[in-house]
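Participant:
Residue numbers (the numbering used here): 6 to 194.
(1) Looking at residue 86 and residue 78, is the spacing between their C-beta atoms short of 9 Å?
(2) Measure the alpha-carbon distance for residue 75 versus residue 31 and round it to whole angstroms.
(3) Mapping DSSP to helix, strand and coil, what is residue 28?
(4) At which residues does the alpha helix (DSSP H) containing residue 129 begin and terminate?
(5) With respect to the alpha helix (DSSP H) encompassing residue 167, which residues constitute its N-terminal and C-terminal limits?
(6) Straight-line CA distance for residue 140 to residue 104?
(7) CA-CA distance, residue 66 and residue 56?
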């Protein structure tokens, strides 16, 4: 009787350990997938903004054809965003796009006919909505990264993270930090 009691204790402990290991691994996998999902949201909104840019540039070009430097700046920034692969590269390229769009919109200020154009207003509304979506997606992504990074660094996740190939993820922030967002050019119509 005494021997079977200890066998049952060992079996129960093995079952508890197996449930603990499986639960921890599944939680880490779920958090890794959540970070990937949130990154997909940012990527989709960055692509949406990139798709709006040619139409916006075409609208401004019709009124300000002699402002070639800004058009090439916007095109180069857009190309660098399309070529970026990592969150850090995309954050830097996104900041370049925002800066060149700010200059483009500042030029649009000089053309009252453009500011009165209905399609220009629609594009600006879409762009503003997309910028808001990017900000929301960035916040959700960064929150997801925070939870994921915490999970792989704290016990018990730290026991399994390296064996699963899970590494700390980077946040999606503008290269100059929040200051770059706070000092964005103000555009009035």
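Don't be surprised by glycine CBs; every beta carbon is placed ideally from N, CA and C.
Facilitator: In terms of the structure at hand:
(1) no
(2) Cα to Cα, the separation comes out at about 49 Å.
(3) helix
(4) 123–158
(5) First-last for residue 167: undefined, no H or E at that position.
(6) 16 Å
(7) When rounded, the distance between both Cα atoms is 16 Å.
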